[in-house]
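A.B. asks: Supplied in C-alpha cells, the structure appears directly below.
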Amino acid sequence: MTPTALFIGFALFSVASLGAGYVMRKRDWMDEEWSRPMHFYTMVLIWSPTALFSIWRLPLQPEVLWLIAVQVVLVAGVGLGAIPLAKLLDRDPRRVGVMAAAAGLGNIGLTLGAYLCYLMIIPSDEALAYAMGLTIVMHVLGVIVLFPVCRYYGEAVPGESSLARLIVANLVDIRALAIHFALLGLILAILEVPFPLWVEKYYLLDALFWLGGLGTYLGIGLRLRFADAFRFMPHHGLLALIRFGLNPLLIFGLLVCTRLTPLPVEGAAWDVILLQSFMPTAVMTVMLANLFHLDTRLASMAFVWNTAIFLVFVLPVLLIAFS
Numbered sequence: 073m074t075p076t077a078l079f080i081g082f083a084l085f086s087v088a089s090l091g092a093g094y095v096m097r098k099r100d101w102m103d104e105e106w107s108r109p110m111h112f113y114t115m116v117l118i119w120s121p122t123a124l125f126s127i128w129r130l131p132l133q134p135e136v137l138w139l140i141a142v143q144v145v146l147v148a149g150v151g152l153g154a155i156p157l158a159k160l161l162d163r164d165p166r167r168v169g170v171m172a173a174a175a176g177l178g179n180i181g182l183t184l185g186a187y188l189c190y191l192m193i194i195p196s197d198e199a200l201a202y203a204m205g206l207t208i209v210m211h212v213l214g215v216i217v218l219f220p221v222c223r224y225y226g227e228a229v230p231g232e233s234s235l236a237r238l239i240v241a242n243l244v245d246i247r248a249l250a251i252h253f254a255l256l257g258l259i260l261a262i263l264e265v266p267f268p269l270w271v272e273k274y275y276l277l278d279a280l281f282w283l284g285g286l287g288t289y290l291g292i293g294l295r296l297r298f299a300d301a302f303r304f305m306p307h308h309g310l311l312a313l314i315r316f317g318l319n320p321l322l323i324f325g326l327l328v329c330t331r332l333t334p335l336p337v338e339g340a341a342w343d344v345i346l347l348q349s350f351m352p353t354a355v356m357t358v359m360l361a362n363l364f365h366l367d368t369r370l371a372s373m374a375f376v377w378n379t380a381i382f383l384v385f386v387l388p389v390l391l392i393a394f395s
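Under this note's numbering, think of the first position of the sequence shown as 73, with each following residue one higher.
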C-alpha cells in the first residue's frame, strides 16, 4: 500500500472511530466517562512501546539538538505563554489548563504531521525520522512541562503544591510511562543496539499506531458534543492565532538564527521543522483534559475546530508551498 493510500485509510479510520464514539454515547451504548480509562490505557499500553520503537530509530546527528530547541520554544514557551492570554478570556482554571495544552501540543505525529512530511519532503525516510524525533521530544517535554500545568489547573488545588513537586510527581506517575520508554529507546540508540527485525516484519509499529488511533479517537467521540460547537468561539480564535500565526513565525525566526551558528539547520530538517510548526493542536489535548479533569467539552471542540481550520485554510497553502 502506498503512503498516500495508507494516510487516507488512517484518516478515514480515525473519523470512523470518532463518529463511533459519538454515536455510542448518543444511543446510551457507552457512558462518556469510559473515555477516561480508555485514554489512560491507550497512553500507558500503546503510546509507551510506540515511543520506545520510534526513538530507537532516531538518527543521532547534530541536527537532533535543534529538534529539542524547537520543542522547548513551542511546548514550554508557547504553552506556558498561553496561560495569561487564556485568563483574559476565561478565569475558569479547567479551561485555562486546556488552552495551555492546546497551544503547546501539536498534531505532529503519524496521525497528521509526520505523514505529511513523509509524503511532501524528500528524502522521505529522513523526513519521517526527523518528524518522529520532533514528536517524541514534544511528548517528553509535555510530560515535564504541561502535565504539571494540567494537574495544577485540573486535579490540584492552586497553591497546594509547588511546581517542582508537581513535575517530580508527574515523572513517577504511571501516565508518564511513555517518557521512560522513550529514554530506554534513546539509550538503545546511543549503544547502537540493532533494531529488532520482528517489529518491521510483523508490522508491530503500524499496529500500535492504529490501535492508538482507535483508543484516542473513540474516547474523543464519547466526549464530543456538537451543541458546544459555537460556545467557545473566542477560545478557538485565540488558539488559531497561536498555532497558525505565532508558532510558524517563532520557528522560522529560530531556523534563520541557526544559520548564524556552526550547526545550521538545512535540507530536510529545515523543511520538516517548518512544516510541523503549522500543525493544529494535538489529540493529546483531549486526552490530557480527560486524564486531569479539565474541561473536556472545550478540549474536544478545540481539537475539532483547530483541525477544521487547518484542513480548510492552512493545508492548501502548505501543499502549494511544499509542492
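Note that CB positions come from ideal geometry on N, CA and C, so glycine has one too.
All values reported here derive from a predicted model rather than from experimental measurement.
Quick one: residues in its chain with C-beta nearer than 6 Å to the C-beta of methionine 102, no 5 flanking neighbours on either side, listed in chain order?
C.D. replies: Met96
A.B. asks: Give the straight-line distance between the Cα atoms of arginine 369 and glutamate 104, rounded to the nearest whole angstrom.
C.D. replies: 11 Å
A.B. asks: Just the Cα atoms here: how many angstroms apart are isoleucine 80 and alanine 341?
C.D. replies: 25 Å
A.B. asks: Along the chain, where does the alpha helix (DSSP H) containing methionine 102 start, and where does it finish?
C.D. replies: Premise fails: methionine 102 is in no alpha helix (DSSP H) and is neither H nor E.
A.B. asks: What does a CB cutoff of less than 7 Å around tryptophan 106 pick up in its chain, not counting 5 residues either side in sequence?
C.D. replies: Leu294
A.B. asks: Identify, in the order they occur along the chain, each residue of the same chain with its Cβ nearer than 6 Å to the Cβ of valine 376, setting aside the five sequence neighbours on each side.
C.D. replies: none
A.B. asks: Which of the three DSSP states is assigned to glycine 169 in this structure?
C.D. replies: helix
A.B. asks: Can you round the beta-carbon distance between alanine 254 and valine 212 to whole angstroms, since I take them to be within the 8 Å contact cut?
C.D. replies: 6 Å
A.B. asks: Can you give me the C-alpha to C-alpha distance between isoleucine 155 and tryptophan 282, rounded to a whole angstrom?
C.D. replies: Cα-Cα distance, rounded: 33 Å.
A.B. asks: Assuming arginine 295 is part of the alpha helix (DSSP H), what are its boundary residues?
C.D. replies: 276-295
A.B. asks: Closer than 8 Å is the cut-off here; do at least three beta carbon pairs connect the stretch 308-322 with the stretch 342-361?
C.D. replies: yes
A.B. asks: At what residue ranges does the stretch 170-226 contain a whole run of the alpha helix (DSSP H), taking only runs of 4 or more?
C.D. replies: 185-192, 196-213 and 219-226
A.B. asks: Report buried or exposed for phenylalanine 364, applying the criterion of at least 16 other Cβ atoms within 10 angstroms of its Cβ.
C.D. replies: buried
A.B. asks: Hey, phenylalanine 394 and isoleucine 194 are a contact pair by Cβ (cut 8 Å); roughly how many whole angstroms apart?
C.D. replies: So it is not a contact: roughly 10 Å between Cβ atoms.
A.B. asks: If I follow the unbroken alpha helix (DSSP H) through glycine 309, where does it start and stop?
C.D. replies: Element bounds for glycine 309: 305-313.
A.B. asks: Can you look up threonine 330 in the DSSP assignment and give me helix, strand or coil?
C.D. replies: Three-state DSSP puts threonine 330 in a helix.
A.B. asks: Verify whether the separation of the beta carbon atoms of leucine 310 and leucine 177 is less than 8 Å.
C.D. replies: no
A.B. asks: Name the one or two DSSP bridge partners that threonine 353 has.
C.D. replies: Gly178
A.B. asks: Hey, could you find the ends of the alpha helix (DSSP H) alanine 141 is sitting in?
C.D. replies: 136-143
A.B. asks: Where does the unbroken alpha helix (DSSP H) through glutamine 133 begin, and where does it stop?
C.D. replies: Taken as a continuous stretch (DSSP letters only), glutamine 133 belongs to no alpha helix (DSSP H), as it is neither H nor E.
A.B. asks: Return yes when the Cβ of tyrosine 202 is within less than 8 Å of the Cβ of leucine 139, no when it is not.
C.D. replies: yes
A.B. asks: Please report the Cβ distance between alanine 371 and alanine 361, rounded to the nearest whole angstrom; I am assuming they are in contact, meaning their Cβ atoms lie under 8 Å.
C.D. replies: 4 Å
A.B. asks: Going by C-alpha to C-alpha distance, which of Leu387, Thr357, Arg331 and Val384 sits closest to methionine 373?
C.D. replies: Thr357
A.B. asks: What are the boundary residues of the alpha helix (DSSP H) that proline 156 is part of?
C.D. replies: 151-161
A.B. asks: Does the stretch 248-265 come into contact with the stretch 121-140, if we say contact requires no fewer than three beta-carbon pairs (one atom in each stretch) closer than 8 Å?
C.D. replies: yes
A.B. asks: Measure the Cβ-Cβ separation of glycine 284 and phenylalanine 85 and say whether it is below 8 Å.
C.D. replies: no
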